[in-house]
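Undergrad: Here it is, the structure in full.
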Amino acid sequence: MNLLDIVLSTITVYLGMGTLIGIAFFGKGAGRIDPAAEAASVGFRVLILPGSIMLWPIVLMKWIRA
Amino acid sequence: MTNEYRVVQWNAHKKRYDLILISGIVLYLTLFLALGKVLFPPPAEISIEILLIRALGTCAIILLHLILMVGPLARITPKINAILYNRRHLGVTFFIVSALHATIVIAYYGGFGVENPISAVLSGGYRSGSIPFEFLGFLALLIFALMASTSHDFWLANLSPGVWKLMHMGVYIAYTLVIGHVVLGVIASEINIIYLVLVTLGAVTIVSLHLSAGVCEIRRDHRMISVAQDTHWFDVCGVDEIPPDRAKVVQINTDERIAVFKHNDTVSAISNVCAHQNGPLGEGKVIDGCVTCPWHGYQYLPECGQSPPPFTEKIPTYDIRIEGRRVLINPRPNEPGTAVKPAHFDPLPEIPPLEPIDA
Numbered sequence: 000m001n002l003l004d005i006v007l008s009t010i011t012v013y014l015g016m017g018t019l020i021g022i023a024f025f026g027k028g029a030g031r032i033d034p035a036a037e038a039a040s041v042g043f044r045v046l047i048l049p050g051s052i053m054l055w056p057i058v059l060m061k062w063i064r065a
Numbered sequence: 000m001t002n003e004y005r006v007v008q009w010n011a012h013k014k015r016y017d018l019i020l021i022s023g024i025v026l027y028l029t030l031f032l033a034l035g036k037v038l039f040p041p042p043a044e045i046s047i048e049i050l051l052i053r054a055l056g057t058c059a060i061i062l063l064h065l066i067l068m069v070g071p072l073a074r075i076t077p078k079i080n081a082i083l084y085n086r087r088h089l090g091v092t093f094f095i096v097s098a099l100h101a102t103i104v105i106a107y108y109g110g111f112g113v114e115n116p117i118s119a120v121l122s123g124g125y126r127s128g129s130i131p132f133e134f135l136g137f138l139a140l141l142i143f144a145l146m147a148s149t150s151h152d153f154w155l156a157n158l159s160p161g162v163w164k165l166m167h168m169g170v171y172i173a174y175t176l177v178i179g180h181v182v183l184g185v186i187a188s189e190i191n192i193i194y195l196v197l198v199t200l201g202a203v204t205i206v207s208l209h210l211s212a213g214v215c216e217i218r219r220d221h222r223m224i225s226v227a228q229d230t231h232w233f234d235v236c237g238v239d240e241i242p243p244d245r246a247k248v249v250q251i252n253t254d255e256r257i258a259v260f261k262h263n264d265t266v267s268a269i270s271n272v273c274a275h276q277n278g279p280l281g282e283g284k285v286i287d288g289c290v291t292c293p294w295h296g297y298q299y300l301p302e303c304g305q306s307p308p309p310f311t312e313k314i315p316t317y318d319i320r321i322e323g324r325r326v327l328i329n330p331r332p333n334e335p336g337t338a339v340k341p342a343h344f345d346p347l348p349e350i351p352p353l354e355p356i357d358a
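Going line by line, the protein sequences match chains Y and G.
Quick note: the first sequence, position 39, residue 38 per numbering that gives the first Met the number 0, numbers continuous.
Quick note: the second sequence, position 259, residue 258 per numbering that gives the first Met the number 0, numbers continuous.
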């Protein structure tokens, strides 16, 4: 496995984890860490999904602490 | 403002702004494509895909320069605040244009998904043997993607303003990468030198504006009121120096700046720093009885520094009184949201118009 394959695999795993956590956060997590997001619309949740995928380690940490 | 998040916080002003922005982009792209076809007729014609890549790329660079110019310009002249107020929409629109540019590049050069785009970019670009300028553009796009996807107030509130601001300062790293992407791209592709000249002019403008804004800020700070520490009340200005429903920003010693607002024959003193993104409240005005931040329209009641219900933002207030027609302030900040009775002053008597003198 060369360096390029390692980088590509790392990116794939990171984004894959992000997608799983992001989707879960989309449903329940956002309202848990921020009460103002509890009754927010689907549009709002879709809007924060890319950020949740990219920043999933921070999102997960905040969710666990909430 | 924090209450319940909405997808986009549109109002009439922002809708008008967005309409002008989108119309401008459509007009630019149309003109670029039309001129490209007229100026390069067959047999030297440029394919529509290449023209579109260049149109979107140049459009994105113009938008990026506008975004980077707005901040320092607003420090130099408050007339720019109207654009600053909506810079976030400008930023997200810029990202969409940049992403479209990258998507067409990937589709056109990468055989519409035949080649993994990340693999192609990391292994040296789409043209073997040439300078891999695509890699710089890819890195910049990643930073812009992070910024665009965290532009909503939800992220500002949950990442904390400090972290959010730091993350969004990444625009300067991304800008440097974009400059490298364009310069190396021009060298690699031998396209018109005019792109190099324009991007250099743009970079010089951005640096000069930031330096000028810095000089303006330093000059303002030098005008701060220096007084002995054992005094509690400081004479900061005359009532008549403050325009109605506006503020005068003062700084006592090296403390935080204070915005002294005049509204309905009273004056109130609050922190000059907005709780949202540290916007300069003193450059805003009183609208519907609320001090309104010029950056994103966050509002505070001047008498207590709290956002009107149901919003919950709070900023520090300052004790204030009037002597004669002079405004005196205690520079020790009260806890954010502390009510302070506004100081009342008598309005100047209206001077009746002069009678014409008969000859």
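Each residue gets a CB set at the ideal place from its N, CA and C atoms; glycine is no exception.
Everything numeric in this text was worked out from a predicted model, so none of it was measured.
1. Within its chain, find whatever has a CB closer than 8 Å to the CB of PHE25 (chain Y); leave out the 5 residues flanking it on each side and keep chain order.
2. Measure the C-alpha to C-alpha separation of ASN271 (chain G) and ASN115 (chain G) and round it to an integer number of angstroms.
3. For ASN157 (chain G), go through chain Y and note every residue whose CB falls closer than 8 Å to its CB, in chain order.
4. Leaving out five residues on either side along the sequence, give the residues of the same chain with a beta carbon under 8 Å from the beta carbon of ALA227 (chain G).
5. Determine the extent of the beta strand (DSSP E) in which LYS261 (chain G) is found, giving its start and end residues.
6. If I follow the unbroken beta strand (DSSP E) through ARG324 (chain G), where does it start and stop?
7. Answer yes or no: do ILE61 (chain G) and LEU72 (chain G) have a C-beta to C-beta separation smaller than 8 Å?
8. Just checking, does the region 330-342 of chain G make contact with the region 302-316 of chain G on the three C-beta pairs under 8 Å criterion?
9. Report the option in G:ILE286, G:SER267, G:PRO309, G:ILE178 whose CA atom is closest to the CA atom of GLY56 (chain G).
10. CA-CA distance, ASP264 (chain G) and VAL25 (chain G)?
11. Report the three-state DSSP secondary structure of ALA227 (chain G) (helix, strand or coil).
12. Would you check if the distance between the CB atom of VAL238 (chain G) and the CB atom of VAL96 (chain G) is smaller than 8 Å?
13. In or out: SER46 (chain G) buried (at least 16 other Cβ within 10 Å) or exposed?
14. What is the rounded straight-line gap between the Cα of LEU141 (chain G) and the Cα of PHE93 (chain G)?
15. For the region 70-103 of chain G, enumerate the residues whose C-beta is nearer than 9 Å to any C-beta of chain A, in chain order.
16. Using a Cβ-Cβ cut-off of 8 Å, state whether SER306 (chain G) counts as contacting chain Y.
17. Please classify THR149 (chain G) as buried or exposed, where buried requires at least 16 other C-beta atoms within 10 Å of its C-beta.
18. Can you list, in chain order, the residues of its chain with a C-beta nearer than 8 Å to that of VAL203 (chain G)? Leave out the 5 residues immediately preceding and following it.
19. Identify the residues that DSSP records as bridge partners of ALA342 (chain G): which are they?
20. Start and end of the beta strand (DSSP E) containing ALA39 (chain Y)?
21. Along chain G, in chain order, which residues have C-beta atoms closer than 7 Å to that of PHE43 (chain Y)?
22. Is PRO348 (chain G) helix, strand or coil by DSSP?
23. Please report how far the alpha carbon of THR9 (chain Y) lies from the alpha carbon of TRP154 (chain G), in whole angstroms.
24. Is ASN85 (chain G) buried or exposed, if buried means 16 or more other CB atoms sit within 10 Å of its CB?
TA: This is what the structure holds:
1. Apart from the 5 residues on each side of it in sequence, PHE25 (chain Y) sits with its Cβ closer than 8 Å to the Cβ of ARG44, VAL45, ILE47, LEU48, SER51 in its chain, given in chain order.
2. Distance between the alpha carbons of ASN271 (chain G) and ASN115 (chain G) is about 50 Å.
3. Result: ILE32, ASP33, LYS61.
4. Any answer about ALA227 (chain G) is weak, because its pLDDT of 48 lies below 50 and its placement is not dependable; what the coordinates show is given next. Counting only Cβ-Cβ distances below 8 Å, and skipping sequence neighbours, we find nothing.
5. Taken as a continuous stretch (DSSP letters only), the beta strand (DSSP E) holding LYS261 (chain G) covers 257-262.
6. Element bounds for ARG324 (chain G): n/a, residue is neither H nor E.
7. Taking 8 Å as the Cβ cut-off, ILE61 (chain G) and LEU72 (chain G) do not qualify as a contacting pair.
8. In the pairwise beta carbon analysis, the region 330-342 of chain G is classified as touching the region 302-316 of chain G: at least three pairs are separated by under 8 Å.
9. Residue G:ILE178 is the option with its Cα nearest to GLY56 (chain G).
10. Approximately 48 Å between the Cα atoms of the pair.
11. Bear in mind that the predicted position of ALA227 (chain G) carries a pLDDT of just 48, short of 50, making it too unreliable to give a figure here.
12. No; because the gap between Cβ atoms is not below 8 Å, this pair is not in contact.
13. Burial state of SER46 (chain G) is exposed, judged by a 10 Å Cβ sphere holding fewer than 16 other Cβ atoms.
14. Roughly 13 Å between the two C-alpha positions.
15. Absence of chain A from the displayed structure is noted, the protein chains being Y and G.
16. For SER306 (chain G), no Cβ of chain Y is located within less than 8 Å of the residue's own Cβ.
17. Counting other Cβ atoms within 10 Å of its Cβ, THR149 (chain G) reaches 16 or more and is therefore classed as buried.
18. No residues qualify anywhere along the chain.
19. ALA342 (chain G) is bridged by DSSP to G:VAL266.
20. In the DSSP assignment, ALA39 (chain Y) falls outside any beta strand (DSSP E), carrying neither H nor E.
21. Proximity of chain G to PHE43 (chain Y) at the Cβ level (cut-off 7 Å) is accounted for by TYR4, ARG5, VAL6, in chain order.
22. Coil.
23. Rounded to the nearest whole angstrom, the C-alpha separation of THR9 (chain Y) and TRP154 (chain G) is 25 Å.
24. So ASN85 (chain G) counts as buried.
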